[in-house]
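Reading through the structure tokens given below for one structure.
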Amino acid sequence: MCVDSRAINKITIKYRFQIPRLDDMLDMMVGSVIFSKIDLRSGYHQIRIRPRDEWKTSFKTKDELYEWLVMPFGLTNAPSTFMRIMTQVLKPFIGRFVVVYFDDILTYSRSCEDHEEHLKQVMRTLRAEKFYINLKKCTFMSPSVVFLGFVVSSKGVETDPKKIKAIVDWPVPTNIHEVRSFHGITTFYRRFIQNFNSIMAPITKCMKPGLFIWTKAANKAFEEIKSKMVNPPILHLPDFEKVFEVACDASHVGIGAVLSQEGHLVAFFSEKLNGAKKKYSTYDLEFYAMVQAIRHWQHYLSYKEFFLYSDHEALQYLNSQKKLNSRHAKWSSFLQLFTFNLKHCAGIENKVADALRLLYVIMSYGNFMEAE
């Protein structure tokens, strides 16, 4: 049933519970080999409205007035309330062998024996709290599982084939609305595409208000993005016991970076340059790429020393410069928060595929070659 809740939402004091970050949830699963996904039946409707507050949810039909006894969809505080309750219920397990995202509960373990015990604990808790599951949408004791649009397994994180097919079959956009829809669905998987923002730049230009013009450059980018979605790499889950490696590069179009561990891809990062940044010198562009990459992955890099690669030789002497302009001083101050070993890798010897020239793929990932 769909009810218009705008009136009560307008006078409701907003409550916001922190929603977990996708990256944080995925990171918890490193080392796991078996998974189960539990889906709650009509999740919101399992939460009772506070007694004597039911009248606040009243609504009119063609026959008579009704009021909700359980929490309906559409109330402004419903998502935060549901997430808070699920977090409280499963708090003893979250971060150990459970992640929760609204009505999706994912249990992960390093062995079948552990997993059986973990599932028993979760099920007992749900039963005690009177939560009911939807068996048809659950997956138990599986080596891989689809979670929040990603396929999670012991190998790492992959794209969902069903969503990739939708992208590959996407027709050429004919208006701004269709461009935005395509941009939205591909951005969801941007972590799998190296230099995503740089490639998408011509398409992004078509999203500006005004007369819609689908350019040749936009069409080329459209086809390139779709082709890269066909065979994206498997991204390994980060292991905080291993050393991280960050490789950066930049041009006057955009900046790019790759996060890896022991030759395994963990994540891509890219940023399209706008305005004054396009006028940066080569030195400043490379410097900016380093800062932005580290800023983007600081939740991984803050805890221990990592390797930082750049193909701009002058950056090796960053710490020995006596005079810094205000921009460099600001960036240097940020970098001092981290412990890293800066290494220079010239041209094709660089461990990262050059973010602009697109000549080489990190750690010999030959099937992920890029060309102009």
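Just so we're aligned, residue 1 is where the sequence shown starts under the UniProt record's numbering, counting upward by one.
Using N, Cα and C, we set each Cβ at its ideal position, and we do this for glycine too.
7 Å Cβ cutoff met for residue i and residue j
i, j, result
"Val221", "Pro202", "First, the residue type needs correcting, since residue 221 is Ala and not Val in the sequence shown. It is a contact, given that the beta carbons lie within the stated cut-off."
"Thr57", "Trp68", "yes"
"Tyr132", "Asn77", "no"
"Ser142", "Val33", "no"
"Lys37", "Thr139", "yes"
"Thr186", "Ile213", "no"
"Phe147", "His118", "no"
"Val145", "Phe73", "no"
"residue 378", "Met207", "Not covered by the structure: residue 378. The range shown for the chain is 1 to 372."
"Met28", "Val122", "no"
"His252", "Lys278", "yes"
"Leu237", "Val3", "no"
"Ala5", "Leu65", "Reading off the sequence, residue 5 comes out as Ser, not Ala. Their beta carbons are not under 7 Å apart, which means Ser5 does not touch Leu65 by this criterion."
Residue i - DSSP class collapsed to helix/strand/coil
i, result
"Met1", "coil"
"Glu25", "Checking the sequence, you will find Met at residue 25 rather than Glu. Reduced to three states, the DSSP call for Met25 is helix."
"Ser333", "helix"
"Tyr15", "coil"
"Thr186", "helix"
"Tyr132", "coil"
"Val70", "strand"
"Ile85", "helix"
"Arg48", "strand"
"Val122", "helix"
"Val243", "coil"
"Lys351", "Its pLDDT being 42, under 50, Lys351 is placed unreliably by the model, and the measurement read from it follows with that caveat. Coil at Lys351, not helix or strand."
"Ile213", "coil"
"Ser281", "coil"
"Gln298", "helix"
"Trp55", "helix"
"Lys165", "helix"
"residue 448", "The question about residue 448 has no answer, for the chain in this structure spans 1 to 372."
"Met200", "helix"
"Pro173", "coil"
"Gln292", "helix"
"Asp103", "coil"
"Val30", "coil"
Contacting residues, own chain, Cβ-Cβ under 7 Å from residue i (five flanking each side not counted)
i, result
"Phe244", "Leu259, Gln261, Tyr300, Leu301, Phe306"
"Glu271", "Asn197, Gly254, Ile255, Gln292"
"Met83", "Phe17, Ile19, Phe102"
"Lys60", "none"
"Leu235", "Gly156, Val157, Arg191, Phe192, Leu265, Val266, Ala267"
"Phe188", "Gly149"
"Glu129", "Val89"
"Ser109", "Ser32, Ile34, Phe97, His115, His118"
"Asn134", "Asp39, Leu40, Arg41"
"Leu22", "Leu148"
Residue i burial status per 10 Å Cβ neighbour count (16 or more: buried)
i, result
"Tyr309", "buried"
"Asp249", "buried"
"Thr159", "buried"
"Phe269", "buried"
"Pro173", "buried"
"Glu286", "buried"
"Ile11", "exposed"
"Tyr288", "buried"
"Phe240", "exposed"
"Thr282", "exposed"
"Ala218", "buried"
"Met1", "exposed"
"Pro51", "exposed"
"Ile13", "exposed"
"Leu337", "exposed"
"Asn175", "exposed"
In DSSP terms, what residue i is bridged to
i, result
"residue 373", "Missing from the structure shown is residue 373; the chain here goes from 1 to 372 and no further."
"Asn341", "Phe307"
"Phe35", "Tyr108, Ser142"
"Lys60", "Leu65"
"Glu158", "Val151"
"Leu235", "Val157"
"Arg41", "DSSP output for Arg41 lists no bridge partner at all."
"His264", "Gln261"
"Ile94", "Val98"
Sequence-distant residues of the same chain with beta carbon closer than 8 Å to residue i, five excluded per side
i, result
"Val70", "Tyr44, His45, Gln46, Ile47, Arg48, Ile49"
"residue 374", "This structure cannot speak to residue 374, because the chain is shown only from 1 to 372."
"Thr339", "Lys304, Glu305, Phe306"
"Ala276", "none"
"Ile94", "Thr87, Val100"
"Leu324", "Ser332"
"Lys242", "Gln261, Glu262"
Closer than 6 Å: residue i CB and nearest the ligand FMN heavy atom
i, result
"Ile34", "Among the components of this structure there are no ligands whatsoever, and the ligand FMN is therefore not found."
Contact set for residue i: own chain, Cβ-Cβ below 6 Å, skip 5 residues either direction
i, result
"Lys228", "Ile193"
"Asn350", "Unreliable positioning characterises Asn350 in this predicted model, as indicated by a pLDDT of 45, which lies under 50. The coordinate reading is nonetheless provided below. Asp311, listed in sequence order."
"Trp170", "Phe182"
"Asn341", "Phe307"
Cβ of residue i within 7 Å of any chain D Cβ
i, result
"Val89", "Given the protein chain composition of this structure (a single chain), no chain D is represented."
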